[in-house]
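Colleague: Residue numbers (the working numbering): -10 to 330.
Just so you know, even glycine gets a beta-carbon here, dropped at the ideal spot from N, CA and C.
Just so you know, these numbers come straight off a predicted model, no measurement behind them.
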Amino acid sequence: MIKSVLVIRNDKIGDFVLTWPALYELKMALPNASIEVFVDPVLKDFAMACPYIDHVIVDDGDDQAITKAFAERHYDAVIVSRSQIRTYRLLRKLDIPYKLAPKLNWYQYLYQHRTSIEVPKGLGGWRKSCMMVERFLADHRIPVPTLPTRYWDLSHERRKWQDHYGQQGEERLIFAHPGTGGSSGGISPSDFAGLLAQVDKLTAIECKFVLTYSGQEIALAQQIYDLLSAQGIKVVMAEPLASLADFAKSLVAADMFMAGSTGPLHIAGLHNVPTVGFYAGRRSAPKVRWQTLTQSERRLAFTPPVGKKTGRNMALIDFDLAAKEIAAFLDTQYASQSAVS
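#1: To test your reading of the DSSP string, which unbroken alpha helix (DSSP H) runs of 4 or more residues are found completely within the stretch 39 to 96?
#2: Check this for me: beta carbons of Val31 and Val45, under 9 Å apart or not?
#3: So, for Leu305: in the same chain, excluding its five sequence neighbours on each side, which residues have a beta-carbon less than 7 Å away from its beta-carbon?
#4: Would you tell me roughly how many angstroms separate the C-alpha atoms of Met37 and Ile24, rounded to the nearest one?
#5: Assign Ser273 to buried or exposed, taking buried as 16 or more other Cβ atoms, counted over all protein chains shown, within 10 Å of its Cβ.
#6: Could you give the first and the last residue of the continuous beta strand (DSSP E) run that contains Arg(-2)?
#7: Considering only residues of the same chain and omitting the five flanking positions on each side of Met247, which have a CB-CB separation below 6 Å?
#8: Quick one: what's got a C-beta closer than 6 Å to Ser330's C-beta in the same chain, skipping five residues either side?
#9: Quick check: what's the CA-CA separation for Val262 versus Val6?
#10: Would DSSP call Gly258 helix, strand or coil?
#11: Skipping 5 residues on each side, what residues in its chain have a beta carbon closer than 6 Å to that of Asp4?
#12: Hey, out of Val224, Leu319, Leu289 and Leu310, whose CA is closest to Gly258's CA?
#13: Mind checking which residues open and close the alpha helix (DSSP H) that includes His153?
#14: If you drop the 5 nearest sequence neighbours on each side, which residues of the same chain put their C-beta closer than 7 Å to that of Gln53?
#15: What are the boundary residues of the beta strand (DSSP E) that includes Glu160?
#16: Considering only C-alpha positions, which residue in the set Asp49, Thr281, Asp244 and Gly249 is nearest to Trp150?
#17: State the DSSP-derived secondary structure class of Arg354, mapped to helix, strand or coil.
#18: Per DSSP, which residues does Lys197 bridge with? Please list them.
#19: To which residues does DSSP link Gly266 through a beta bridge?
#20: Output yes or no for whether 9 Å exceeds the beta carbon distance between Ile222 and Pro167.
#21: Locate the alpha helix (DSSP H) running through Val122, then write down its first and last residues.
#22: Would you mind reading off the limits of the alpha helix (DSSP H) that contains Glu206?
#23: In the structure shown, what three-state DSSP assignment does Glu25 receive?
#24: Around the C-beta of Leu282, are 16 or more other C-beta atoms found within 10 angstroms, so that it is buried, or is it exposed?
#25: How is the beta strand (DSSP E) around Val188 delimited, first residue to last?
#26: Report yes if the C-beta distance between Tyr96 and Leu83 is below 9 Å; otherwise report no.
#27: Using a Cβ-based criterion (distance less than 8 Å to any ligand heavy atom), does Ile85 qualify as near the ligand MN?
#28: Where do the N-terminal and C-terminal ends of the alpha helix (DSSP H) with Met17 fall, by residue?
#29: Which residue comes first and which comes last in the alpha helix (DSSP H) that contains Lys223?
#30: Taking only the alpha-carbon atoms, compute the straight-line gap between Gln284 and Pro137 and give it to the nearest angstrom.
#31: Quick check on DSSP: helix, strand or coil for Thr104?
#32: I need the DSSP call for Val241, collapsed to helix, strand or coil.
#33: Give the C-beta separation of Ala22 and Lys(-8) to the nearest angstrom, bearing in mind that I take them to be a contact with Cβ-Cβ under 8 Å.
#34: Roughly how far, in whole angstroms, is the beta-carbon of Ile42 from the beta-carbon of Leu80, given that I think they are within contact range, below 8 Å?
#35: Would DSSP call Ser172 helix, strand or coil?
#36: Inspect the CB distances between the stretch 154 to 165 and the stretch 197 to 210 and report whether three or more fall short of 8 Å.
What follows is the structure, encoded as structure tokens:
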């Protein structure tokens, strides 16, 4: 009988979010087991808020203490969703009956159980962790649960967070996050503000733009705010909340989330919020690989022309065309609802 399972996912915010479908499968398949994760310190509170996680161990860099913490939990299985040689060294002396790693790098052969995580064409990177969990469940003859349409149902908190962001009347809260997660070039504040202004003009719905940011991104958000305010467009600066977990919860208020930074974009996807992503133009198709967990009909993605010289130049995106598509997307999602009300 499996009583506890550890999932290794000690990296970036977006990568952790894309593990939620796999964590869902684990928890639904093993409702009485303790599903536990090993994560980066910045993710601690966010991981603790995940409804499919029962215990969190933080990667504080003290390998001896981490190995001791693993040993004290007496795991029946560990799923190495992020595989590094360091991870193997943390686990190698532990008496864990089942250790599963992806077929990546030479140290895959140090594990007794290995599985391919080659994602079928057209599916997002979130499938990788699911493929590992599904292999684990198959090895233990446990049926694989059907995935939900929304991974984090906080609909009961939506009104609270709408009030927090100042939503009034028929306004739709359109969140926009400047900056970039690093894999894409950034959209300039003038281009971003111009895009939002065009969307506001073209859509039939009443928009209120909410600019989210963290750290040095405040300067970018301020420039966008100033440009939109000067045109009389409804816009607010969303002061960062006390924790990543609170920010993640608050996105249940969003009627759309737009960003080139995949971390916050993926968090919005947990709520099945319509997402508009701006990705690098590469042959590896980042807009497919890094697609959000929002349902396919509620996702839009834009890239500059594919190429080494063009792929990271976000100024090459056709923002006029993007504005028309985003406005039509908004109208499809919400205009008919406003007409009825």
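Modeller: On the basis of the data shown:
#1: 52 to 62 and 74 to 80
#2: Counting from 1 along the sequence shown, the entry for residue 31 is found at position 42. Counting from 1 along the sequence shown, the entry for residue 45 is found at position 56. Not closer than 9 Å, so no.
#3: Reading the sequence shown from its first residue, position 316 is the one you call residue 305. Around Leu305: Pro293, Pro294 and Thr299.
#4: Mapped onto the sequence shown, residue 37 falls at position 48. Mapped onto the sequence shown, residue 24 falls at position 35. Rounded to the nearest angstrom, the two C-alpha atoms are 11 Å apart.
#5: Mapped onto the sequence shown, residue 273 falls at position 284. Ser273 should be labelled exposed.
#6: Residue numbering aside, residue -2 sits at position 9 when the sequence shown is read from its first letter. Counting along the chain, Arg(-2) falls outside any beta strand (DSSP E), and DSSP gives it neither H nor E.
#7: Locating residue 247 in the sequence shown gives position 258, counting from the first residue. Hits under 6 Å: Ala165 and Val265.
#8: Residue mapping note: residue 330 aligns to position 341 of the sequence shown, counting from 1. Its pLDDT being 41, under 50, Ser330 is placed unreliably in this model, and the coordinates cannot settle the point.
#9: Residue mapping note: residue 262 aligns to position 273 of the sequence shown, counting from 1. Residue mapping note: residue 6 aligns to position 17 of the sequence shown, counting from 1. When rounded, the distance between both Cα atoms is 14 Å.
#10: The sequence position of residue 258 within the sequence shown is 269, counting from 1. In the structure shown, Gly258 sits in a helix (DSSP, three-state: H, G or I).
#11: Looking up residue 4 in the sequence shown gives position 15. No residues qualify anywhere along the chain.
#12: Position 269 of the sequence shown, counting from 1, holds the residue named residue 258. The shortest Cα separation from Gly258 among Val224, Leu319, Leu289 and Leu310 belongs to Leu289.
#13: Here residue 153 corresponds to residue number 164 of the sequence shown, with the count starting at 1. Element bounds for His153: Arg147 to His153.
#14: Taking the first residue of the sequence shown as position 1, residue 53 is located at position 64. No residues qualify anywhere along the chain.
#15: Position 171 of the sequence shown, counted from the first residue, corresponds to residue 160. Segment: none, Glu160 is in no beta strand (DSSP E) and carries neither H nor E.
#16: Counting from 1 along the sequence shown, the entry for residue 150 is found at position 161. That would be Asp244, whose Cα lies nearest to the Cα of Trp150.
#17: Because residue 354 is not part of the residues shown, which for the chain are -10 to 330, the question remains open.
#18: Walking along the sequence shown from the start, residue 197 turns up at place 208. In DSSP, Lys197 forms a bridge with Leu162.
#19: Position 277 of the sequence shown, counting from 1, holds the residue named residue 266. According to DSSP, which records beta bridges pairwise, Gly266 is partnered with Ala248 and Ala290.
#20: Position 233 of the sequence shown, counted from the first residue, corresponds to residue 222. Position 178 of the sequence shown, counted from the first residue, corresponds to residue 167. Going by C-beta atoms, Ile222 is not nearer than 9 Å to Pro167.
#21: Working through the sequence shown from its first residue, we reach residue 122 at position 133. Where Val122 is concerned, the enclosing alpha helix (DSSP H) stretches over Arg116 to Asp128.
#22: For the purposes of this step, residue 206 is identified with residue 217 of the sequence shown, where counting begins at 1. That run of the alpha helix (DSSP H) goes Glu206 to Ser218.
#23: As a first step, residue 25 must be located in the sequence shown, where it is residue number 36. Glu25 falls in the strand class under three-state DSSP.
#24: Within the sequence shown, the letter at position 293 stands for residue 282. Buried, by the Cβ-count rule.
#25: Here residue 188 refers to the residue found at position 199 when the sequence shown is read from its first residue. That residue, Val188, is in no beta strand (DSSP E); its alpha helix (DSSP H) goes Pro178 to Leu191.
#26: Along the sequence shown, one-based indexing puts residue 96 at 107. Along the sequence shown, one-based indexing puts residue 83 at 94. Not closer than 9 Å, so no.
#27: Looking at this structure, you won't find the ligand MN or any other ligand, since it has none at all.
#28: Counting from 1 along the sequence shown, the entry for residue 17 is found at position 28. Note, Met17: alpha helix (DSSP H), Trp9 to Ala18.
#29: Taking the first residue of the sequence shown as position 1, residue 223 is located at position 234. Premise fails: Lys223 is in no alpha helix (DSSP H) and is neither H nor E.
#30: Start at 1 with the first residue of the sequence shown, and residue 284 comes out as number 295. Start at 1 with the first residue of the sequence shown, and residue 137 comes out as number 148. Cα-Cα distance, rounded: 10 Å.
#31: By one-based count along the sequence shown, residue 104 stands at place 115. Strand at Thr104.
#32: Within the sequence shown, numbered from 1, the residue matching residue 241 stands at position 252. Helix, per DSSP.
#33: On the sequence shown, residue 22 is found 33 positions in, with the first residue counted as 1. On the sequence shown, residue -8 is found 3 positions in, with the first residue counted as 1. Ala22 to Lys(-8), Cβ: 6 Å. Contact.
#34: Residue numbering aside, residue 42 sits at position 53 when the sequence shown is read from its first letter. Residue numbering aside, residue 80 sits at position 91 when the sequence shown is read from its first letter. Rounded, the Cβ-Cβ distance is 19 Å, inconsistent with contact.
#35: For the purposes of this step, residue 172 is taken as the residue at position 183 of the sequence shown. Residue confidence for Ser172 is low, a pLDDT of 49 falling below 50, so the modelled location carries little weight; the figure read from the coordinates is stated next. Residue state, collapsed to three classes: coil.
#36: yes
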